[in-house]
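Trainee:
Numbering (the numbering used here), first residue to last: 16 to 367.
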């Protein structure tokens, strides 16, 4: 499309839009409109989108209410070519529930719902003005499509891996868990009773996780917790949560806690915590808790994932199945082969 053709095309769309606005204004003054049957454009001025998607400016968030409403912005500033027009018109005529690309994020799903409701209601009210409404449908939906591209990205993993398969007959495993019909949900789907942990073990500690595996209602909510019980001198050994940051509060006792930063600094950051103290362990970093008090200790850890996972360093390195080659470990730890063999023969207790 040449520049002259493009300008003519935009001029026709502006004129159609101007005519529709005039007719809409006349319709409002000539007859009452049920507030529940029509959504005014002003309802969409609270949407926040990156300005660069429609004005080519810096990628700051802009409030469309400061630059007129959505339709004017899309009409005057977005240069939609014929291919995009065809795609957007197809979206307008389809059920929004089938548009997976635009519904992949919660924020975008909200916009899809608003825009779809607007389009459907306007279609019912202005069925005799289809030619004039077509331009409005196009630009409003094009704006949504462009904005959604900025919000879409791959979801965070909710387990160690999720291998793709081409043949679904071999089984399907989703990133997370399948959801039951909300109408069938009960109070027990959101309930779990945490008991005092048994610390009679070689570590003197017990972790009681409360993840999506224990409370099915946590699915998709991005949060979980764990209770950690400590005997005197009990240790929650160095470990990491690959999918979650942990915030710990001490309910009883005194804990020496810390984490190690990533390479190359490997800086140790520690603190002694007493009852009521709170400490944060950033996602993925190796951390630990040691009871340095004279009595038992109890702490609660909140985690930023429904399934944060846990990797206990000693268990993973020396207790893997099958074993890591002793040649690898002797070079990695710069120790004699006999020491590695002895460590691999140990029973590595899992306190989770």
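The beta-carbon is built from N, C-alpha and C at its ideal position, and this holds for glycine as well.
Please work out which residues of its chain come closer than 6 Å, Cβ to Cβ, to residue 260, disregarding the five sequence neighbours upstream and downstream, and give them in chain order.
Mentor: For residue 260, where only same-chain residues beyond five positions count, the Cβ hits under 6 Å are 297, 298 and 319.
Trainee: Could you please give the first and the last residue of the uninterrupted alpha helix (DSSP H) stretch that includes residue 355?
Mentor: Looking at the DSSP string, the run of the alpha helix (DSSP H) that includes residue 355 is 352 to 360.
Trainee: State the DSSP-derived secondary structure class of residue 407, mapped to helix, strand or coil.
Mentor: Here the chain has residues from 16 to 367 only, and residue 407 is not among them.
Trainee: For residue 241, which residues does DSSP report across the bridge?
Mentor: Bridge partners of residue 241: 224 and 316.
Trainee: Cα separation between residue 352 and residue 330?
Mentor: Looking at the two C-alpha atoms, the distance is approximately 18 Å.
Trainee: Just checking, does the stretch 235 to 253 make contact with the stretch 305 to 315 on the three C-beta pairs under 8 Å criterion?
Mentor: A contact exists between the stretch 235 to 253 and the stretch 305 to 315.
Trainee: Between the alpha carbons of residue 198 and residue 227, how many angstroms are there, rounded?
Mentor: Roughly 19 Å separates the two Cα atoms.
Trainee: The alpha helix (DSSP H) spanning residue 346 covers which residue range?
Mentor: Residues 341 to 348.
Trainee: Give every residue of the same chain whose Cβ lies closer than 6 Å to the Cβ of residue 295, excluding the five residues on either side of it in the sequence, and list them in chain order.
Mentor: Once the five neighbours on either side are set aside, the close Cβ partners of residue 295 are 262.
Trainee: Can you confirm whether the stretch 202 to 217 touches the stretch 228 to 235 when touching is taken to mean that 3 or more C-beta pairs between the two stretches lie within less than 8 Å?
Mentor: Enough Cβ pairs lie closer than 8 Å, so yes.
Trainee: Below 8 Å on the Cβ atoms is my guess for residue 326 versus residue 257; work out the distance and round it to an integer in Å.
Mentor: Right, the Cβ-Cβ distance comes to about 6 Å (below 8 Å), so this counts as a contact.
Trainee: Pull up the DSSP beta-bridge partners for residue 286, would you.
Mentor: Looking at the DSSP assignment, residue 286 forms a beta bridge with 272.
Trainee: Check for me: the alpha helix (DSSP H) holding residue 366 runs from which residue to which?
Mentor: Here residue 366 belongs to no alpha helix (DSSP H), and DSSP marks it neither H nor E.
Trainee: Answer with buried or exposed for residue 349, where buried requires no fewer than 16 other C-beta atoms within 10 angstroms of its C-beta.
Mentor: Result: exposed.
Trainee: With DSSP collapsed to three states, give me the class of residue 253.
Mentor: The answer is strand: DSSP assigns residue 253 an E or B state.
Trainee: Under three-state DSSP, which class holds residue 174?
Mentor: Reduced to three states, the DSSP call for residue 174 is coil.
Trainee: By how many angstroms is the C-alpha of residue 328 removed from the C-alpha of residue 254?
Mentor: If I take the Cα positions, the gap works out to 5 Å.
Trainee: Using only the alpha-carbon positions, how far apart do residue 365 and residue 300 sit?
Mentor: Those two C-alpha atoms are separated by around 19 Å.
Trainee: Taking residue 271 as the reference, give the member of 292, 279, 173 and 194 with the closest Cα.
Mentor: Taking only the C-alpha atoms, the option nearest residue 271 is 292.
Trainee: So, is residue 213 buried or exposed, given that buried needs 16 or more other C-beta atoms within 10 angstroms?
Mentor: Result: exposed.
Trainee: Among residues of its own chain, excluding the 5 on either side of residue 369, which ones have a beta-carbon nearer than 7 Å to its beta-carbon?
Mentor: As shown, the chain starts at 16 and ends at 367. That puts residue 369 outside it, with no answer to give.
Trainee: From residue 241 to residue 173, what distance separates their C-alpha atoms?
Mentor: Distance between the alpha carbons of residue 241 and residue 173: 17 Å.
Trainee: DSSP on residue 207, reduced to helix/strand/coil?
Mentor: Residue 207 falls in the coil class under three-state DSSP.
Trainee: Who are the Cβ neighbours of residue 317 in its own chain at under 6 Å, not counting the five residues just before and after it?
Mentor: The residues are 240 and 262.
Trainee: Check residue 38 in the structure and name its three-state DSSP category.
Mentor: The answer is helix: DSSP assigns residue 38 an H, G or I state.
Trainee: Take the Cβ of residue 170 as the centre, count every other Cβ of all protein chains shown within 10 Å, and call the residue buried at 16 or more, exposed below.
Mentor: Classification for residue 170: exposed.
Trainee: With DSSP collapsed to three states, give me the class of residue 20.
Mentor: Helix.
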